[in-house]
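Remarks on the structure that follows.
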RNA sequence: GGGCGAUUAGCUCAAUUGGAUAGAGCGUCCGGUUUACACCCGGAAGGUUAUAAGUUCGAGUCUUAUAUCGCCCACCA
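Residue numbers (this note's numbering): 5 to 886.
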């Protein structure tokens, strides 16, 4: 078919104008929707990791946006029903904190405004702020199906959450009970193990005397003296000769005077501290286990805000740290203290807010996770789900093999209320529990106030967003999804839980591949932080340079699973690459007139440069395809860039000017068709990386189809791979390189058109004769004259030797015989070294027998070339010295 | 204490069935208003691929050890 291109192409790509225009155009035409591919198309579905609904776009979002949009656009071009399903997360703690901060600025607390009002304010905040993150994703070019956008607290997802909870409850996999939990005193909620981060910190280790009832004492060390008030035993190792005799005796809790037993337990490390351990089961996980073994009492001495409670005696009401100081002073006064030493240990802090978390007894809801974990382990072990990069599978296995029951209740207001009701029985207000999708009809039932961990709803995301538990059309067509692309930091939080819940509720792996990306850091590998002042706002980059440069840079700056260090000079460089692609398009555009037949001329109508560039193009397509298949998008992008910037633009474009300006009509058209084909292919390959510029540029070359976004992904055409043309052309390009080099070395005025004389064997001579214009275009050689082998060597010339070709550049007046001899000698030495090396290799029987034939042949060819070149250099040297 | 990853040019990074002279960008130096592009073009310098041993015809790539850095997991008070 024939097609024409739009004319009047602007000199530069105006991203600011084009980005909005194109995005609207794409969306208006329904091209983000999977339906564009037709009902029989194979689906390709990615569930977007839902960002915090009130969040703002940061580079982490930009990275996942760039990667997922790349995958989606690629599969869309391959004809799949590509669905990128977007959405946002209510993000329980994070959002609640934001609203609480807002209230604090108004001078009120959450408790003061009350539950109903607080929820209303939070919804209002969500409505006001909730659009920001999705608007920002649009600016990146994210081709999501916005009609299918979901929110973890919307009605459908709330139904899914209740259904999941009820099912697990009915299966006996949810239980409620008092346990020691990680308690966040500031947030006043339980948090899961995963939400606690421990970091080494400098603290004090307090040594003191634990008085014994019968007199004397046992020395003990602790980092948290206030927990002494909750001690219910003193433990020593039965094998410890110092203390074994005291087992069975009683000790007296300092200040409080409570009597507690001295017990023996292997868990006590004789080497550490004093070798004796105070046991506080209500405030220490380790002690809790000891208490279970010895049936010790639990005494909780902390309130929910981490102040001391009535059990702490005279310290009741004091903050935990005040109590620590006061108690220590009092103990010192009583002669019970020994010493304090500085000590480095890991302190547990809340991931949100960073306050020190306290182990505290409280009643919480748990998921008995073992059965779910086993399915999730099996799915990855059997290869039904693959993790990229693969080494994360080990991490995944280790976590799931050692998984603890999941505390799913949170004492927050913003979230999914746990569908449970309590009724008073025998004086216990929670004596009866009812779990169901709605309140029981009778009077007297009070709904559970706790909400579910945000990750409970996120865990259902791949199928809840498609309509589950209803057997909706979308669920049938688009579930299971294909790739889960997300950060490795939420492998446990989210990915593992999606796998567990997906397998449990739908009996299918929710996706077949997990692609993990790393953290985006600054150019020196430092985490972005406000205090360091190194934060880079992706939208500032988008405003300044456009979305395409940011996307391409993020994708090509790292490899899967590894952190991405973002160097802003690379964004600038990509910006220039985008301009380069635009300029190539512009060149082609201005060298077309009217219609052009699309596709390539017959191979026998193609000249050497055309065969060469098309062969290179096919190799590029094949490489990119392979790299996409193994998720190496960064390398794929770099290869496209290298092809366009280092081969197509500087060489083929320049060479094509010959046919374009000096060729006959058929040469001209053939060349135009090659140019258009190569550029069309490159734009298609680049589209998933930089959708805006490529879409806009595509309009300016003749093309078939309405839009690049829905154009077909190019297949590699093996028939066009032409190794012979590549090596013939490489010879010419190598000569060009050498020529430029010599010109530069001899400081020949770049504007000066020089003459070159050549001696070559017949085959190469033919190419030199026919394609002499290559030298004219690429290194300003006005004329290339072929000499016969009988011709004398031109006097006063510099010579260039490549393979079996010698070029002579008569540089009258510039030639320094001494320097030229030196140059040739160096060249000869270099060749000699390589010849020796290659000969050694080729005389090694092991190499000849074991290396693949193609490799051996390559070395033989290389040796022939090197020897031929060496002979010419040697001859040239001897004639210079005559 | 266990596990994982990284270590390549001054800086930031590539190099995926092991195969030619280890590539880019930024920075540095030299030279250019060549009608697609100064958001450009040409040239140059810069590397014992952390160290040591091993496997192999051949190692940046595979194995082992060491060093340094980073991350994850774990109940030494």
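Just so you know, even glycine gets a beta-carbon here, dropped at the ideal spot from N, CA and C.
Note that the structure is a prediction, hence the values are computed from the model and not measured.
Opposing strand residues paired with residue i [DSSP bridges]
i           : result
residue 268 : 240
residue 221 : 215
residue 491 : 521
residue 368 : 181
residue 569 : 525
residue 14  : Partner(s): none; residue 14 has no beta bridge.
residue 93  : 56
residue 2   : Because the chain spans 5 through 886 in this model, residue 2 falls outside it and cannot be assessed.
residue 206 : 348
residue 312 : 306
residue 805 : 810
residue 451 : 425
Cα-Cα separation, residue i to residue j
i           : j           : result
residue 9   : residue 591 : 13 Å
residue 576 : residue 556 : 11 Å
residue 734 : residue 785 : 18 Å
residue 620 : residue 725 : 7 Å
residue 558 : residue 568 : 7 Å
residue 265 : residue 423 : 43 Å
residue 235 : residue 285 : 7 Å
residue 2   : residue 729 : The requested residue 2 does not occur in the structure, where the chain is confined to residues 5 to 886.
residue 391 : residue 686 : 30 Å
residue 624 : residue 682 : 11 Å
residue 774 : residue 690 : 34 Å
residue 873 : residue 810 : 8 Å
residue 439 : residue 497 : 26 Å
residue 340 : residue 254 : 17 Å
residue 66  : residue 370 : 35 Å
Residue i and residue j closer than 8 Å at C-beta
i           : j           : result
residue 335 : residue 212 : yes
residue 313 : residue 270 : no
residue 383 : residue 407 : no
residue 1   : residue 464 : Residue numbering for the chain in the displayed model covers 5 to 886; residue 1 lies beyond these limits and cannot be assessed.
residue 346 : residue 206 : yes
residue 697 : residue 36  : no
residue 721 : residue 622 : yes
residue 815 : residue 752 : yes
residue 761 : residue 776 : no
residue 6   : residue 684 : no
residue 64  : residue 491 : yes
residue 524 : residue 143 : no
residue 643 : residue 627 : yes
Exposure label - residue i; buried when at least 16 CB within 10 Å
i           : result
residue 93  : buried
residue 81  : buried
residue 89  : buried
residue 276 : exposed
residue 210 : buried
residue 130 : buried
residue 676 : buried
residue 778 : buried
residue 105 : exposed
residue 909 : It is not possible to answer for residue 909, since the shown part of the chain is limited to 5 through 886.
residue 745 : exposed
residue 515 : buried
Extent of the continuous beta strand (DSSP E) to which residue i belongs
i           : result
residue 88  : 85-89
residue 354 : 341-354
residue 390 : 390-392
residue 254 : 254-256
residue 439 : 432-439
Span of the alpha helix (DSSP H), counted from its first residue to its last, around residue i
i           : result
residue 690 : 669-690
residue 458 : 458-462
residue 422 : First-last for residue 422: undefined, no H or E at that position.
residue 789 : Note, residue 789: premise wrong, no alpha helix (DSSP H); beta strand (DSSP E) at 785-790.
residue 112 : Unbroken run through residue 112: none, as it is neither H nor E.
residue 699 : 695-702
residue 877 : 857-885
residue 796 : Note, residue 796: premise wrong, no alpha helix (DSSP H); not H, not E.
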